[in-house]
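Going by our numbering, the first residue of the sequence shown is number 2, and it counts up by one from there.
Idealized CB from N, CA, C, for every residue including glycine.
Shown next, in structure tokens, is the structure this report addresses.
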Amino acid sequence: MKKLIAAVALALLSQPALAEEAAPEQARWSLAIHGGAGTLDPNAMTPEKRAAYEADLQRALDAGSKILSEGGDAMDAIKAAIIIMEDSPLFNAGKGAVFTWDGTNELDASIMDGRDRSAGAIAGVKTVRNPILLADTVRTQSEHVMLMGAGAEAFAVEKGFAVTPPEYFATEARREALERMKAEKLSSLDVDHKFGTVGAVALDMKGNLAAGTSTGGMTGKRWGRIGDAPVIGAGTYADNSACAVSATGWGEYFLRVGVAHEICARLRFLQATNWLSFDSPGEANAPDAEEIAATVQEAADAVMAEVADLGGDGGVILVTPEGHAIFSFNTTGMYRGRATSAGLNEVAIFGGEERASDTPDH
Ligand code: GLY
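Next comes the structure, spelled out in structure tokens:
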């Protein structure tokens, strides 16, 4: 008995010493953004065009990073990043959205808070400058998750949103794409080459995840067509226990695979079966950050491979509860960027342009 008491006392004495010696862990944050994926040809990308895309991606990344690095919320960071891309005519969201067959711009967006999985979405809206803000207002100020068309616009007016003239969203490049599509009897893929949807995912210092996505859909869309971007689970998903995902691509395929939820569900399953843990970094025999990043990358790549197997293409961005910022796409390029508390800060367009390591420790 004496021996047992002595052993317990020794163990108790050694615990506080260990705890005191351990350096306090630096709170982490992480942000990833995208401005669409697609068949991007490096030879067709002039230095001026590239610089313009990179500048707007960097502005979006900086706006979100500033909020996160100052201790702000993931939800605020993703909205700040997405608003900049919605306001840029370069991306297919907000200003610069593609045209429908009937020559209108119809906007879709969704947002999800990983803390409580509250979500908001809007579809087919024509007069709201920043659809991501309306989606968030659906989340916070209605008892619904998704509103569409005239109803969503009436809700926007009731909540104080200005009515933006539909002409604001129109750009010459997008109008020409519609005209060419009709004249040459092309599909929207032939004419778009890239999808241009925008999105952001973030982890804040409190450990909360958030995801949001905004788009004009696909050129020449008809009959009130809605893609994956405003559908929670397809284009957007966030759950503090697993990941935050935003997708860009051929919406019909992302809807059929349920891409964003599928990736998070796989990460939850890997945790439940002890193949993956976000809770034990630094513990003896626990996988290190690079091993965890590789497992998460594999899960995202496997879901994107399912999209490809069905005939679809596009990409996703995701962040994990540990701050891994990961991309997966089956196209030649994806407008994208990521920044973390560890000092990573980069934007990229074509495949393989980012730094080799994407773990939060590098
Ligand atoms: N991924 C956007 C859309 O298909 O509408």
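Near ligand 2: residue i beta-carbon under 7 Å from a heavy atom
i	result
residue 229	Ligand 2 is absent from the structure shown, which contains only ligand 1.
Cβ-Cβ distance between residue i and residue j below 8 Å
i	j	result
residue 31	residue 341	yes
residue 300	residue 271	yes
residue 199	residue 245	no
residue 280	residue 252	no
residue 110	residue 147	no
residue 157	residue 135	yes
residue 59	residue 348	yes
residue 93	residue 161	no
residue 43	residue 351	yes
residue 268	residue 277	yes
residue 247	residue 318	yes
residue 264	residue 298	no
residue 78	residue 68	yes
residue 82	residue 170	no
residue 218	residue 254	no
residue 329	residue 302	yes
Candidates the options: closest to residue i by CA position
i	options	result
residue 95	108, 103, 102 and 104	108
residue 86	73, 117 and 57	57
residue 121	349, 238 and 204	238
residue 72	55, 84, 42 and 28	28
residue 130	168, 143 and 337	168
residue 61	322, 84, 115 and 209	84
residue 119	144, 105 and 35	144
residue 76	173, 153 and 206	206
residue 149	114, 256 and 226	226
residue 240	116, 67, 263 and 97	116
residue 183	353, 173, 163 and 221	221
residue 102	290, 179, 208 and 331	179
residue 141	114, 334 and 50	114
residue 51	82, 91 and 323	91
residue 292	312, 323 and 313	323
residue 345	63, 45 and 46	63
residue 36	338, 209, 343 and 353	338
residue 209	308, 74 and 70	74
residue 289	307, 273 and 325	325
residue 258	216, 308, 275 and 212	308
residue 216	88, 173, 163 and 331	88
residue 343	70, 55, 45 and 46	70
Distance cut-off 7 Å: residue i Cβ against heavy atoms of ligand 1
i	result
residue 251	yes
residue 216	yes
residue 313	no
residue 334	no
residue 236	yes
residue 219	yes
residue 330	no
residue 198	yes
residue 170	no
residue 351	no
residue 255	yes
CB-CB length for residue i against residue j, believed under 8 Å
i	j	result
residue 260	residue 304	6 Å
residue 315	residue 214	Incorrect: roughly 12 Å between the Cβ atoms, too far for contact.
residue 176	residue 100	6 Å
residue 80	residue 133	6 Å
residue 112	residue 65	Wrong, their Cβ atoms sit about 14 Å apart, outside the cutoff.
residue 128	residue 105	Actually they are not in contact, since the Cβ atoms of residue 128 and residue 105 sit about 11 Å apart, beyond 8 Å.
residue 333	residue 138	With 8 Å as the limit, residue 333 and residue 138 do not qualify as a contact, their Cβ atoms being about 37 Å apart.
residue 366	residue 335	Nothing about residue 366 can be reported from this structure: the residues present for the chain run from 2 to 363 only.
residue 159	residue 126	Not really, about 14 Å apart at Cβ, beyond 8 Å.
residue 262	residue 234	4 Å
Closer than 8 Å to chain C by CB, residue i
i	result
residue 317	Included in the structure is just one protein chain, with no chain C present.
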